[in-house]
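One structure is given below, encoded as C-alpha cells.
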Amino acid sequence: MTENIELNMTSEEFLNQLPELFSKSSGSRISEDPRYARILRENPTCAELVRDLEYIAEQARMLLEPENEIDPSPELWSKIQNSLETDKSKID
Numbered sequence: 000m001t002e003n004i005e006l007n008m009t010s011e012e013f014l015n016q017l018p019e020l021f022s023k024s025s026g027s028r029i030s031e032d033p034r035y036a037r038i039l040r041e042n043p044t045c046a047e048l049v050r051d052l053e054y055i056a057e058q059a060r061m062l063l064e065p066e067n068e069i070d071p072s073p074e075l076w077s078k079i080q081n082s083l084e085t086d087k088s089k090i091d
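Spelled out as C-alpha cells, the structure:
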C-alpha cells in the first residue's frame, strides 16, 4: 500500500500507515521524503508526530550502537574501589 502513495491521502490515512512507513524506512527520514511533503505541510499535527517518532527512533538507534558505549576511566574505577574499601572499613 505504501509503494503507491496517494497524493490526496488524508491525515487519518497517513496516521494509519505510519507504523508501516517507519518499519520500511530503513533509517531514512519520513519528514524528508517528498512523497509526504504535502501531507506534512498541511497537517502540523502529523508533522509534529513524525518529527517526534523520528527523534525517538534516532535515540533508540544510538543507544544500541556499541561504538557509543563509553568505558569508565581507570581513575573512576579507582575512586569506586577506594570508596568501597572505605565503606568496608567502617563496617569492620
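Following numbering that gives the first Met the number 0, the numbering of the sequence shown begins with 0 at its first residue and continues without gaps.
For every residue, glycine included, the Cβ atom is placed at its ideal position computed from N, Cα and C.
- Beyond the five residues adjoining it in sequence on each side, Glu53 comes within less than 8 Å, by CB distance, of Arg28, Ile29 and Ser30 in the same chain, given in chain order.
- Following the DSSP letters along the chain, one finds Ser24 in no alpha helix (DSSP H), marked with neither H nor E.
- Between the alpha carbons of Ser82 and Leu62 lies a gap of roughly 29 Å.
- Between the region 34-46 and the region 9-18 there are three or more inter-stretch CB-CB distances shorter than 8 Å, so the stretches are counted as touching.
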